[in-house]
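Worksheet for the structure shown next.
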Amino acid sequence: MIAITPLTPDAAVSAALTEADFAEAAARGFETVLNVRPDGEATDQLTTALAKRAAAAAGLEYVHIPTHKYELFADDIVSGVAHVLASAQGPVLVYCASGQRAAIVWAAAAARTVAVNDVLATLTTAGFDFDFLRDDLEAQADRARWTTAKPDKTTAAPTPAPAPSSARAAA
């Protein structure tokens, strides 16, 4: 039996799944399984191909966003997870080796739309003590500002000041 840690009504996390766990996840009401574990991380893990087949056999959507431990807050990772969570047709089960990486990427994605205090409270209720991630989650919450505040490199040269009035009169 798979140990699933609920975070919200629409998202939960778990440690690595076996082939049989996909059918159990479907029976427990999940519609999508999001694997954030890179292939080849451990010799005993399911490959993406096997996980995808097991998910399909169980009637689940399967998404793979390989996430190394050093890129938990990378924009493409967090954006990808946020997209899956927002577009899924039902509850999403996010998994990795232990469930912690899955919880962190969920938190990073959630912090883009939910108050960081609420995200941390959700994690605490679920049994994760991730308050040390507050600064990283605050950065995700502030993402809209730091991704749109880039200087425009196509700005034209400044418009020259109008000629002095005496020069206009002489013209």
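In this note's numbering, the protein residues as written are 247 to 417. Using N, Cα and C, we set each Cβ at its ideal position, and we do this for glycine too.
At least one CB of chain D closer than 7 Å to the CB of residue i: is that the case?
| i | result |
| --- | --- |
| Arg358 | The structure shown has no chain D; it contains just one protein chain. |
Going by DSSP, name the residue or residues bridged to residue i.
| i | result |
| --- | --- |
| Asn281 | His310, Tyr341 |
| Ala257 | Thr254, Val338 |
Thinking C-alpha only, which one of the options is nearest residue i?
| i | options | result |
| --- | --- | --- |
| Tyr341 | Gln335, Val362, Ile311 | Ile311 |
| Val272 | Gly326, Ala301, Ala353 | The amino acid at residue 272 is misidentified as Val; the sequence shows Ala. Nearest C-alpha to Ala272: Ala301. |
| Val330 | Thr251, Glu307, Thr294, Asp375 | Glu307 |
| Thr264 | Gly275, Asp290, Gly345, Arg389 | Asp290 |
| Phe376 | Arg347, Ser260, Pro252 | Arg347 |
| Ala334 | Val279, Ala385, Thr294 | Val279 |
| Phe268 | Pro255, Phe378, Asp322, Ala304 | Ala304 |
| Arg358 | Val351, Ala349, Ile350, Gln386 | Gln386 |
| Pro337 | Met247, Thr293, Leu253, Ile248 | Leu253 |
| Ala355 | Gly373, Phe374, Ala367, Leu318 | Leu318 |
| Leu369 | Val324, Val327, Ala328, Val259 | Val259 |
| His314 | Met247, Ser325, Val351, Ala328 | Val351 |
| Asp256 | Ala332, Ile248, Thr371 | Ala332 |
| Ala297 | Phe276, Asp321, Ala262 | Ala262 |
| Leu339 | Leu379, Arg274, Ala266 | Arg274 |
| Ala328 | Gly345, Thr293, Phe374, Ala353 | Ala353 |
| Ser325 | Ile250, Arg389, Met247, Thr251 | Arg389 |
| Leu383 | Ala295, Ala349, Ala266 | Ala349 |
| Leu292 | Ile250, Ala343, Asp321 | Ala343 |
| Phe276 | Ile250, Thr294, Gly345, Ala288 | Ile250 |
According to DSSP, simplified to helix, strand and coil, what is residue i?
| i | result |
| --- | --- |
| Thr400 | Below a pLDDT of 50, predicted positions are generally treated as unreliable, and Thr400, at 46, falls in that range; the measurement from the model is reported next regardless. Coil. |
| Ala297 | helix |
| Asp382 | helix |
| Leu366 | helix |
| Thr405 | With a pLDDT of only 42 at Thr405, under 50, the local geometry of the prediction cannot be trusted, and the value read off the model is given with reservation. Reduced to three states, the DSSP call for Thr405 is coil. |
| Trp317 | The residue asked about is misnamed: residue 317 is Glu in this sequence, not Trp. Helix at Glu317. |
| Arg414 | Any answer about Arg414 is weak, because its pLDDT of 39 lies below 50 and its placement is not dependable; what the coordinates show is given next. If DSSP states are grouped into helix, strand and coil, Arg414 belongs with the helices. |
| Asp377 | helix |
| Leu331 | helix |
| Ala303 | helix |
| Arg274 | coil |
| Asp290 | coil |
| Val351 | helix |
(request) Evaluate the contact criterion for the segment 361-368 versus the segment 277-289: three or more CB pairs, one atom per stretch, below 8 Å. (result) no
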